[in-house]
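Note sheet for the following structure.
In structure tokens:
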């Protein structure tokens with residue numbers, strides 16, 4: 017949406033407001049009358065202010081660069097404490113599953129490296 021500038025004819029106060037193009041003539045009210053639209057150069061709202069990425073140290077300018085930086089650093093945007101706790105619980109579950117698989121693999125490997133007589137003892141077939 018474009019930004020339109022309006023000015024009061026009585027007090028000369030100016031106001032900048034976002035409006036749809038079709039609503040540009042719906043001016044704010046000042047001193048009981050609609051303000052006049054001011055013809056001026058178009059104003060554009062910046063995408064995102066630039067910043068230095070805390071993870072990569074690169075200069076980030078705009079939403080597309082932010083998405084790419086998050087993807088590059090395997091990060092995700094901040095979504096609040098509830099979402100952070102949920103993501104932490106999910107990471108913990110995934111880590112536990114990985115550790116369980118590694119433990120099971122280590123136990124199977126150790127079992128199959130035993131001599132056959134000891135394996136039979138462990139299986140209860142002695």
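Numbering (this note's numbering), first residue to last: 17 to 142. Virtual Cβ for every residue (Gly too), placed ideally from N, Cα, C.
The beta carbons of residue 23 and residue 54 sit about 5 Å from each other, so the pair counts as a contact at 8 Å. Residue 98 has its alpha-carbon roughly 22 Å from the corresponding atom of residue 70.
Bounds of any alpha helix (DSSP H) do not take in residue 33; it lies within the beta strand (DSSP E) bounded by 30 to 34. With 16 or more other Cβ atoms from the protein chains shown falling within 10 Å of its own Cβ, residue 43 counts as buried. Judged by DSSP in its simplified three-state form, residue 43 adopts coil rather than helix or strand. The C-alpha of residue 78 is placed about 42 Å away from the C-alpha of residue 116.
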